[in-house]
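I have placed the structure first, in the form of structure tokens, so that the comments after it can refer back to it.
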Amino acid sequence: MGSRLIPDLTSAPINVAAAAKAGSWSLRWRNLTCDLCKLHIESPVFPFLSLAITAPHEQSQETKFFDMSSDGKHEALQPLHPSMAGKLDPAFEKLYNDNVATKPLKPIDLGALRGNYSLLYSYGTAPAPEVGRIYDDVIPLGDGTQLAVRVYEPETSGPWPVHLDFHGGGWGLGDLDTESHICKHYCKKAGVAVIDVAYRLVPEFAYPTGVTDSFAAIEHVHKQGAARFNIRPDSISVGGVSAGGFIALAVAHLARDAGIPLRLVAAGTPVVDDISQYATAADSPWPSMQENEFAPTLNWARLAWFDKLKLSTLPTEPEAHKAAKERIGWQNNLLKAPNFKGLARTLIYTASADPLRDEGEKYAQVLVENGVEVTQRRFPGVPHPFMHMDEALWQGREFIDSTARELRMAHSDS
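Whatever position you read off the sequence shown (first residue = 1), add 467 for the working numbering.
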């Protein structure tokens, strides 16, 4: 089966409400991460001394977030920004206005944010199905690290195909609870074991530790997974959302080079480009960055902040900083990967109201041009983390169900 592409129906003005009733657009063209609050940053590009965050649960701390600038001036915009008028599904607007827009803002530190991150979208997340068994385990790494994982087993007897999930969270947030509901859905609906990987986070561990940890998990599952996890090492897929989507796309290159076959790479609203090379949204070559500069749940200012956090362990002296980024290489910008040929079949889902939309779709296009089988789909009227809002949004439910169907087909022996 070849790459599945359909014209970009969102390039012209659209009626989002009508589109939402009609269904999402499947783009056989191929083309982070969290909903804290909506920020508009004044002054420099990275002026955060504190970050106001709103969630549907009560916050207990009121402290500074992560100090990466001497200028803390910013404005937190909770109500939907006027520039987003007509771009959002009314169902999302209601969900946001009922649960986020009216909540008081409180500054919060990185530790508290991490502690509450898995609850961030609980106002829109549906109960997940039960699976056969769930247990926590570790994968040993070469440096002695015990990498935490959570294993979801189907109700059927193994050995099972296996899907490795890499959570989102802007490289510095997220844990084994972040996408637990998605992992349960995939396990139940696709009939696969799911291993959720708690890769190490920045700034405690320099980027790209999260990428190398995730690939080490793939290697371990491929070599020892049959005995340790009762899985089939000949039937491995990988996936993730946002930063986790970047990781899934990146480890596909590493797996190909290592001779580890993957059945499917499933990336949702992935980061692709190196955001640090642009001073403002206007500098970005991606129209979605300007169109969705003030999008709810993930906007340009928050993207820039997370990117600053991602690279915060690099030297600050300009030449040393540049040299350190060059050593990271394409793992900081997937579009600069040296070779796109021979990659596994890839699924990329984007969201119309996401600043990251266009770079994800461009990456899919590059894969298609290099002979990779790609399915790309853009979901209308929703922002970056819509897959966490499956109770309220049909787009969230369809993201999960469609990915599960693709996983089941990819792992089928027929």
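Beta carbons are placed, not taken as given, at the ideal position from N, Cα and C, and that holds for glycine.
{"Item": "Buried/exposed call for Glu646, threshold 16 Cβ in 10 Å", "Value": "buried"}
{"Item": "Euclidean distance between Cα positions of His652 and His855", "Value": "12 Å"}
{"Item": "The stretch 554 to 569 / the stretch 845 to 854 touching (three or more Cβ pairs under 8 Å)", "Value": "yes"}
{"Item": "Continuous beta strand (DSSP E) stretch holding Leu631: start and end", "Value": "627 to 633"}
{"Item": "Tyr602 - containing alpha helix (DSSP H), residue span", "Value": "Taken as a continuous stretch (DSSP letters only), Tyr602 belongs to no alpha helix (DSSP H), being part of the beta strand (DSSP E) at 600 to 607."}
{"Item": "Pick from Asp821, Gly827, Ile703, Leu770 that is closest to Leu802, judged by C-alpha positions", "Value": "Gly827"}
{"Item": "Beta strand (DSSP E) segment containing Ala818, residue limits", "Value": "813 to 818"}
{"Item": "Burial state of Ser550, where buried means 16 or more other Cβ atoms lie within 10 Å", "Value": "exposed"}
{"Item": "Beta-carbon separation (whole angstroms), Asp774 vs Ile742, contact threshold 8 Å", "Value": "4 Å"}
{"Item": "Neighbour-count burial assignment, Asn800, 16 or more Cβ in a 10 Å radius", "Value": "buried"}
{"Item": "Cβ shell of Gly796 (< 6 Å), same chain only, five flanking positions each side left out", "Value": "none"}
{"Item": "Candidates Leu810, Ala771, Leu640, of which the one nearest Gly578 by Cα", "Value": "Leu640"}
{"Item": "Cα-Cα separation, Thr943 to Val669", "Value": "Because the chain in this structure spans residues 468 to 881, residue 943 falls outside the shown range and cannot be described."}
{"Item": "Cβ distance (whole Å) where Asp632 is taken to contact Val661 below 8 Å", "Value": "6 Å"}
{"Item": "The stretch 768 to 782 contacting the stretch 806 to 813, beta-carbon criterion three pairs below 8 Å", "Value": "no"}
{"Item": "Of the listed residues Pro700, Lys554, Leu721, His548, nearest to Ser819 (C-alpha basis)", "Value": "Lys554"}
{"Item": "Bounding residues of the beta strand (DSSP E) (the contiguous stretch that carries Arg845)", "Value": "841 to 846"}
{"Item": "Which listed residue (Pro754, Val629, Val738) has its alpha carbon closest to that of Ala771", "Value": "Val738"}
{"Item": "Range of the contiguous beta strand (DSSP E) that encloses Gly827", "Value": "From DSSP, Gly827 is part of no beta strand (DSSP E) but of the alpha helix (DSSP H) over 824 to 836."}
{"Item": "Limits of the unbroken alpha helix (DSSP H) element including Gln691", "Value": "676 to 696"}
{"Item": "Secondary structure, alpha helix (DSSP H): runs of 4+ residues fully inside the stretch 555 to 595", "Value": "557 to 566, 577 to 583"}
{"Item": "Member of Pro822, Asp610, Pro594, Leu721 whose CA lies at the smallest distance from the CA of Leu765", "Value": "Pro822"}
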